[in-house]
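Read the structure below first, then the notes.
Numbering (our numbering), first residue to last: 8 to 239.
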């Protein structure tokens with residue numbers, strides 16, 4: 008639990024998370040486009056992307072814990088980083104989060120079918136799309152805050168901090184991007200990237216990245232204004 012000076016820690020955690028997410032999301036999109044791997048967004052060949060997204064969230068969680076302990080607790084000075092991270096792991100919470108992720112994936116699959124995806128065909132494509140949405144929305148919330156915060160996201164409860172707002176808005180950006188991506192599917196351009204679910208998957212990735220980069224830009228502008236007032 009954050010106690011005194013929470014705002015200082017939240018600012019550091021938010022800035023780090025935002026910067027690292029900007030680098031990873033932009034790099035992944037660039038690699039997908041340059042290598043034309045995006046054409047496999049509806050197949051099992053894209054599973055390594057899910058692993059990268061999961062690994063990056065875990066890394067960001069580790070840094071979040073280190074920043075928090077370094078600011079608020081002398082325990083950081085007495086233990087190794089490994090012991091510090093291990094002491095912060097709640098295995099019961101991990102189990103709950105895995106269950107929430109599985110349920111979320113099924114929910115995204117059902118909602119996608121209700122929005123027009125084929126029920127009796129393209130199951131693999133729809134499943135890969137559902138897993139991608141889960142990785143971009145529910146996974147970051149579960150890893151950074153715990154599965155209980157997923158309810159806040161679904162019910163659109165107002166965030167209580169800048170960090171909450173960042174993670175939630177990134178998730179909303181992914182959903183909005185996926186929705187916009189669907190508009191190009193029925194167009195008669197006959198492009199290979201118009202095949203389901205490539206436009207929606209790319210839209211989700213772009214929406215997630217754009218939301219995060221806008222937040223990072225906002226933080227930089229605020230920092231520059233503060234610096235200007237303080238030192239100029």
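Every residue gets a Cβ at the ideal spot worked out from N, C-alpha and C, and that includes glycine.
- Look at residue 97 here: in three-state DSSP terms it is coil, with no helix or strand label.
- Per DSSP, residue 148 is one residue of the alpha helix (DSSP H) stretching across 145-152.
- According to the DSSP assignment, residue 157 belongs to the alpha helix (DSSP H) that extends over 156-161.
- Looking at the backbone, the Cα of residue 201 and that of residue 213 are separated by about 16 Å.
- Counting the other CB atoms within 10 Å of its CB gives residue 52 a total below 16, which places it among the exposed residues.
- Taking 8 Å as the cut-off, the Cβ atoms of residue 136 and residue 49 count as close.
- Counting C-beta pairs closer than 8 Å gives three or more between the stretch 104-117 and the stretch 136-155, which meets the contact rule.
- In its chain, beyond the 5 residues on either side, 214 have a beta carbon closer than 7 Å to the beta carbon of residue 183.
- Inter-segment contact for the stretch 53-64 and the stretch 214-230 is absent: fewer than three beta-carbon pairs are separated by less than 8 Å.
- With 16 or more other Cβ atoms from the protein chains shown falling within 10 Å of its own Cβ, residue 71 counts as buried.
- In the three-state reduction of the DSSP assignment, residue 203 falls in the coil class, being assigned neither a helical nor a strand state.
- With the rule of 3 Cβ pairs closer than 8 Å, the stretch 15-32 counts as touching the stretch 165-185.
- Take the alpha-carbon of residue 117 and the one of residue 206: they are about 19 Å apart.
- Counting along the chain, the unbroken alpha helix (DSSP H) around residue 169 starts and ends at 169-188.
- In this structure, residue 115 lies away from residue 74, with their beta-carbon atoms at least 8 Å apart.
- The closest CA to that of residue 124, considering only 193, 100, 35, 222, is found on 193.
- Taking each of 69, 217, 40 in turn and checking the Cα distance to residue 94, the smallest one comes out for 69.
- Apart from sequence neighbours up to five positions away, no residue of its chain approaches residue 232 with a beta-carbon distance below 7 Å.
- In the three-state DSSP reduction, residue 49 falls in the coil class, being neither helix nor strand.
- Taking a 10 Å sphere around the C-beta of residue 87, we find fewer than 16 other C-beta atoms and assign the residue as exposed.
- No Cβ-Cβ contact shorter than 8 Å links residue 31 with residue 38.
- Listed in chain order, the non-local C-beta contacts of residue 129 below 7 Å within the same chain comprise 203, local neighbours out to five positions each way being set aside.
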